[in-house]
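Structure, as structure tokens:
Numbering (our numbering), first residue to last: 532 to 741.
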């Protein structure tokens with residue numbers, strides 16, 4: 532098995548994930564409505580994955596207003612249990628792929644909940660939260676907050692976040708690459724060093740990120 536911790540960041544395959552959901556928590560009955568994933572390695576895109584998901588209930592009006600995703604758009608969409616095997620296969624195994632998301636605990640909580648309900652084994656992915664990492668890497672004077680839109684603008688991302696899964700995943704890719712470039716200035720070049728970096732710096736509290 533490959534020791535990802537000792538692997539140079541340039542040689543790691545990252546699966547950058549974004550979900551759109553029907554609410555704020557799977558524990559309160561919300562479900563996934565869209566999945567977007569971009570796989571990258573060494574700054575190059577290896578592939579993309581995008582699918583609508585039928586959450587099994589109607590989409591609240593305010594969610595449609597936020598994301599543009601309506602019940603009509605999900606009529607022929609697969610349910611999450613139909614998608615999980617394909618999604619996990621695309622992402623790859625935990626010994627070859629690191630999962631990345633902006634506010635990763637949110638996205639991972641929905642995937643773990645779906646895996647649990649439908650009796651799929653959860654792959655124990657190592658994860659990177661770009662919101663948390665940005666709070667550690669960037670000085671408060673550089674960005675007013677660590678929301679995805681703010682960071683995408685700061686790093687001149689090629690795709691603007693739109694509250695749609697693939698667009699937001701693509702924006703997160705550029706944010707991730709920008710953060711990795713900044714980390715290189717701190718001699719952070721391996722995954723283990725990246726994971727430990729936030730704990731070594733005390734940062735001023737920032738607003739909660741989206």
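For glycine and all other residues, C-beta sits at the position ideal for the given N, C-alpha and C.
Have a look at the DSSP bridge pairing and note the partners of residue i.
| i | result |
| --- | --- |
| residue 539 | 721 |
| residue 632 | 660 |
| residue 546 | 570, 630 |
| residue 585 | 610 |
| residue 680 | According to DSSP, residue 680 bridges with nothing at all. |
| residue 563 | 552 |
| residue 578 | 570 |
Would you kindly work out how many angstroms separate the C-alpha atoms of residue i and residue j, rounded to a whole number?
| i | j | result |
| --- | --- | --- |
| residue 635 | residue 675 | 20 Å |
| residue 559 | residue 572 | 36 Å |
| residue 554 | residue 626 | 31 Å |
| residue 606 | residue 588 | 11 Å |
| residue 594 | residue 712 | 35 Å |
| residue 538 | residue 552 | 33 Å |
| residue 727 | residue 629 | 15 Å |
| residue 574 | residue 691 | 18 Å |
| residue 600 | residue 718 | 42 Å |
| residue 579 | residue 570 | 6 Å |
| residue 707 | residue 534 | 21 Å |
By a C-beta neighbour count over all protein chains shown, 10 Å radius and 16 as the cutoff for buried, is residue i buried or exposed?
| i | result |
| --- | --- |
| residue 603 | exposed |
| residue 648 | exposed |
| residue 650 | exposed |
| residue 656 | buried |
| residue 576 | exposed |
| residue 715 | exposed |
| residue 557 | buried |
Give the C-beta separation of residue i and residue j to the nearest angstrom, bearing in mind that I take them to be a contact with Cβ-Cβ under 8 Å.
| i | j | result |
| --- | --- | --- |
| residue 536 | residue 723 | 4 Å |
Alpha helix (DSSP H) segments (min. 4 residues) lying fully within the region 685 to 720: 696 to 715
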